[in-house]
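Okay, so here's the structure we're looking at.
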Amino acid sequence: MINHTAKLLITFLLGYLFIKWFPAAELLDSSEFIVELVLNPVPFFAAMIAFMGGFLVQGSLLKFEWYSILRLMNGKLHKELLIIPIHLVIIYLLSCFGMWQTIAFSFLSIFYGIISIDFRRQGGHNA
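Here's what the structure looks like:
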């Protein structure tokens, strides 16, 4: 449980850093965005490192949440289910700081989490 709580905190921290460091929040024109990347590449690379780290941590957290839901469907109620509403609150808080960055961050993490699920091990289709 402590491991998943740490993953929640890391997801929030890295998502927040991605939102704050990504230079496109203020720029509306693509030429301004490219000039900003050429003149100040460090914030962009720092934002991409935070994005990749947070995206991987959030993907593994979503994988765990999926397995928790499957266990709940099998009739096993457990305390790890509390992570799901807390994770939703974290996504809401991130969306308050930057909506489109949070959408990209969350949807790519969901996609990664779905890809990493091992259905054969969990008794899914064609197990």
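Counting the sequence shown from 1 gives a position; this note's numbering is that position plus 227.
C-beta: ideal position from N, C-alpha, C; glycine also.
The structure presented is a predicted model; accordingly, all values stated were derived computationally and were not measured.
> Tell me which same chain residues have a C-beta within less than 8 Å of the C-beta of V284, skipping the five on either side of it?
Replying inline: Only K234, I237, T238, L241 meet the Cβ criterion.
>> Across the stretch 267-279 and the stretch 243-250, are there enough close Cβ pairs to call them in contact, namely three or more that are closer than 8 Å?
In response: Yes, the stretch 267-279 touches the stretch 243-250.
> Hey, how far is the Cα of N301 from the Cα of I344?
Replying inline: Going by the C-alpha atoms only, they are around 17 Å apart.
> Where M228 and Q328 are concerned, what is the direct C-alpha to C-alpha distance, given to the nearest angstrom?
Replying inline: The straight-line gap from Cα to Cα measures roughly 28 Å.
>> Counting beta carbon pairs with one atom in the stretch 306-314 and one in the stretch 254-264, are three or more of them shorter than 8 Å?
In response: No, because fewer than three Cβ pairs between the stretch 254-264 and the stretch 306-314 fall closer than 8 Å, the two stretches do not touch.
>> Quick check on this structure: which residue in L297, W293, L289 has the alpha carbon closest to the alpha carbon of F334?
In response: Comparing alpha-carbon positions, the option among L297, W293, L289 lying closest to F334 turns out to be L289.
>> Going by DSSP in three states, G325 sits in which element: helix, strand or coil?
In response: Coil.
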